[in-house]
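As structure tokens, the structure follows; a few thoughts come after it.
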Amino acid sequence: MLFNSIEFLFFLPLVFILYWFICNKKLLLQNSLLLISGYVFYGWWDWRFLFLLFISTVIDFFFGALIEKSAKRKKLFLWLSIINNLGILGCFKYYDFFADSAHNILESFGLHFSPVLLNIVLPVGISFYTFHGMSYVFDIYRGKVKPTDNFINYAVFVCFFPLLVAGPIERANHLLPQIVKKRIFEYGQAVLGLRLILWGLFKKIVIADSLAPVVNEIFENTSSQSSTSLVLGATFFAFQIYGDFSGYTDIARGTARLFGIELLVNFRFPYFSRDIAEFWRRWHISLSSWFRDYLYIPIGGSKKGLLISIRNTFLIFIVSGFWHGANWTFLSWGFLHALFFLPLLIFRKNRIYTGPIATGTFLANVKEIAQILTTFLLVCFAWIFFRTASITEAFQYIGGFASHHLWSGNELHQITAYMPLLILFLFYIEWRSRNSQIETFFDSIKSRIVRYGFYIFIVFIILMYGTFEKTAFIYFQF
Numbered sequence: 003m004l005f006n007s008i009e010f011l012f013f014l015p016l017v018f019i020l021y022w023f024i025c026n027k028k029l030l031l032q033n034s035l036l037l038i039s040g041y042v043f044y045g046w047w048d049w050r051f052l053f054l055l056f057i058s059t060v061i062d063f064f065f066g067a068l069i070e071k072s073a074k075r076k077k078l079f080l081w082l083s084i085i086n087n088l089g090i091l092g093c094f095k096y097y098d099f100f101a102d103s104a105h106n107i108l109e110s111f112g113l114h115f116s117p118v119l120l121n122i123v124l125p126v127g128i129s130f131y132t133f134h135g136m137s138y139v140f141d142i143y144r145g146k147v148k149p150t151d152n153f154i155n156y157a158v159f160v161c162f163f164p165l166l167v168a169g170p171i172e173r174a175n176h177l178l179p180q181i182v183k184k185r186i187f188e189y190g191q192a193v194l195g196l197r198l199i200l201w202g203l204f205k206k207i208v209i210a211d212s213l214a215p216v217v218n219e220i221f222e223n224t225s226s227q228s229s230t231s232l233v234l235g236a237t238f239f240a241f242q243i244y245g246d247f248s249g250y251t252d253i254a255r256g257t258a259r260l261f262g263i264e265l266l267v268n269f270r271f272p273y274f275s276r277d278i279a280e281f282w283r284r285w286h287i288s289l290s291s292w293f294r295d296y297l298y299i300p301i302g303g304s305k306k307g308l309l310i311s312i313r314n315t316f317l318i319f320i321v322s323g324f325w326h327g328a329n330w331t332f333l334s335w336g337f338l339h340a341l342f343f344l345p346l347l348i349f350r351k352n353r354i355y356t357g358p359i360a361t362g363t364f365l366a367n368v369k370e371i372a373q374i375l376t377t378f379l380l381v382c383f384a385w386i387f388f389r390t391a392s393i394t395e396a397f398q399y400i401g402g403f404a405s406h407h408l409w410s411g412n413e414l415h416q417i418t419a420y421m422p423l424l425i426l427f428l429f430y431i432e433w434r435s436r437n438s439q440i441e442t443f444f445d446s447i448k449s450r451i452v453r454y455g456f457y458i459f460i461v462f463i464i465l466m467y468g469t470f471e472k473t474a475f476i477y478f479q480f
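Have a look at this one:
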């Protein structure tokens with residue numbers, strides 16, 4: 003089910019009413035409703051994959067219990083859990099990639115090899131809910147959490163419907179305690195939730211979905227575009243994927259708050275970053291922190307010398323790229339970010355910008371503006387590999403910057419008159435909120451009349467300029 007669909011428009015109020023007015027007497031009823039809602043929400047896409055979701059949930063629930071009970075064999079049970087999780091993920095997401103890559107490599111040496119390809123439809127959100135379960139098992143192994151003996155509670159942790167298919171990737175020590183305790187309706191939290199939903203819909207329906215046709219046209223017809231159009235396409239894709247993914251996260255966090263649950267923050271205005279290191283502290287935070295805690299630190303992190311730190315950094319970025327999809331383009335995207343990160347690591351500059359930007363003033367200084375623009379250009383360049391279907395297409399796109407004519411006259415037809423203004427509106431509001439969270443921006447409007455007028459204004463923009471086709475979120479494919 004899509005957040006931006008008619009079905010969800012009826013689904014959410016129905017679950018909300020049942021949750022607070024029918025099931026509010028008992029925690030078990032509330033959690034059972036959330037579990038059923040998660041399976042309905044997921045099964046709306048394809049009910050056949052509910053079985054896979056259930057099996058993945060059962061595996062980690064039981065392995066978590068076994069790790070806790072058996073001190074001598076807990077490492078064995080941990081590895082069995084990892085093998086099961088990665089086996090499921092590998093079968094559905096990566097098998098065809100490895101088989102096809104092996105075929106191409108062997109063919110280049112004159113060896114004939116015809117692999118059997120599975121051609122299985124990738125289950126929506128499999129990377130997200132697999133990582134949910136793995137973090138639970140890892141944290142039990144490390145002694146950070148105790149396993150729950152209530153399967154319903156654990157199953158809600160895995161398939162809580164707001165985060166089920168595109169995150170944020172939750173941690174057991176953050177979400178489970180909220181699931182196992184009684185929740186009371188709080189009006190203030192519900193208001194914050196509705197603000198997040200409204201802003202998320204604006205970013206998805208108005209920004210991301212309005213840019214999508216322009217981006218698709220440019221990336222699918224690279225050879226006929228001018229250099230200016232190619233630059234425009236890469237820039238617009240940066241805005242599109244941000245509006246799409248962070249918009250999903252805002253809606254997910256807002257929806258969760260309606261049910262008395264707080265999800266992890268996944269974005270902190272990443273395009274205001276002053277270097278690549280800061281960008282990754284602000285972009286898809288739940289994934290980058292997951293890799294930091296469960297892969298980077300266990301293999302040595304930055305504690306064993308510069309060469310080991312460089313090795314670990316490249317490994318993390320490449321694995322992060324591979325997490326996004328079984329394609330050399332995603333690996334290249336991760337590799338590029340590792341290269342961008344490398345000078346900061348070598349000169350120990352990767353932890354400079356951990357605090358707010360432009361504190362005590364509305365405008366950033368010249369140095370900060372130059373840093374933000376430079377970082378944004380690097381990110382846009384890497385997005386080309388993320389967006390194209392193959393490495394060849396990526397290099398053709400980049401080659402077009404220099405080999406194509408600078409201007410064709412069609413650029414003005416590719417940009418609707420209102421789109422630059424809407425992007426400026428987006429970044430004006432987010433710049434105002436840059437050192438906190440977007441929901442607090444509305445609190446800065448002291449007049450209730452003005453504040454409600456602003457809500458109405460955003461609704462008006464959504465209705466006037468939004469795209470109301472059932473467009474899936476980009477990160478559903480991961």
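In my numbering, each residue carries its 1-based index in the sequence shown increased by 2.
Even for Gly, the Cβ is constructed at its ideal location relative to N, Cα and C.
Remember, it's a predicted structure, so these values are computed and weren't measured experimentally.
Between Ser248 and Phe281 a beta carbon distance of about 13 Å is seen, past the 8 Å cut, so the two are scored as non-contacting.
Looking at the backbone, the Cα of His176 and that of Leu165 are separated by about 14 Å. In the three-state DSSP reduction, Ile61 falls in the helix class (H, G or I).
If you ignore the 5 residues before and after Leu82, its C-beta comes within less than 7 Å of the C-beta of Phe65, all in its own chain and listed in chain order.
Bounds of the alpha helix (DSSP H) holding Asp252 are 229 to 260. In terms of Cβ geometry, Leu424 and Val208 form a close pair [threshold 7 Å]. Pairing Ile464 with Leu203 gives a Cβ-Cβ distance under 7 Å. A direct Cα-Cα distance of roughly 23 Å separates Phe23 from Leu178. Under the three-state reduction of DSSP output, Met3 falls in the coil class, being neither helix nor strand. Per DSSP, Tyr143 is one residue of the alpha helix (DSSP H) stretching across 128 to 143.
Per DSSP, Val17 is one residue of the alpha helix (DSSP H) stretching across 8 to 19.
In this structure, the beta-carbon distance from Phe378 to Tyr273 falls below 7 Å. Using a Cβ distance threshold of 7 Å, Asn155 and Ile171 do not count as a contacting pair. Sixteen is the threshold: since fewer than 16 other Cβ atoms of the shown chains lie within 10 Å of the Cβ of Pro215, the residue is exposed. Excluding sequence positions up to five before and after Phe241, its CB lies within less than 7 Å of the CB of Ile209, Leu213, Ile425, all in the same chain and listed in chain order. Counted as a single uninterrupted DSSP element, the alpha helix (DSSP H) harbouring Ala157 occupies residues 153 to 161.
Ser58 has its alpha-carbon roughly 10 Å from the corresponding atom of Met136. For Lys74, no alpha helix (DSSP H) encloses it, and the DSSP letter there is neither H nor E.
Nearest C-alpha to Asn33 among Lys183, Leu78, Ile90, Leu88: Lys183.
About 17 Å separates the CB atoms of Thr469 and Asp252; that is not less than 8 Å, and the two are not in contact. Inter-residue distance for Ser225 and Tyr457 is about 43 Å (C-alpha atoms, whole angstroms). Closest option to Phe187, judged by alpha-carbon separation, among Ser449, Leu365, Leu260: Leu260. When Leu54, Ala340, Ser392 are compared, the shortest CA-CA separation from Phe99 is found for Ser392.
By the neighbour-count criterion, in which a residue is buried when 16 or more other Cβ atoms sit within 10 angstroms of its Cβ, Asn352 is buried. DSSP places Thr315 within a helical segment (H, G or I) once states are collapsed to three. Scanning its chain for C-beta atoms nearer than 7 Å, with the 5 sequence neighbours on each side dropped, one finds around Phe332 the residues Gly323, Phe324, His326, Phe388, in chain order.
According to the DSSP assignment, Val461 belongs to the alpha helix (DSSP H) that extends over 450 to 467. The three-state reading of DSSP puts Gln439 in coil, since its state is none of H, G, I, E or B. Using a 10 angstroms sphere on the CB of Pro149, the tally of other CB atoms reaches 16 or more, which defines it as buried. Put simply, of Pro125, Phe319, Ser311, Ser275 the residue whose alpha carbon is nearest the alpha carbon of Trp292 is Phe319. Between Leu31 and Cys25 the beta-carbon gap is near 4 Å, inside 8 Å, which marks them as a contact.
In its chain, beyond the 5 residues on either side, Phe63 have a beta carbon closer than 7 Å to the beta carbon of Phe153. For Asp211, the enclosing alpha helix (DSSP H) has its first and last residue at 211 to 222. 7 Å or more divides the Cβ of Lys28 from the Cβ of Ala328. Here the alpha carbon of Phe462 sits roughly 11 Å from the alpha carbon of Leu200.
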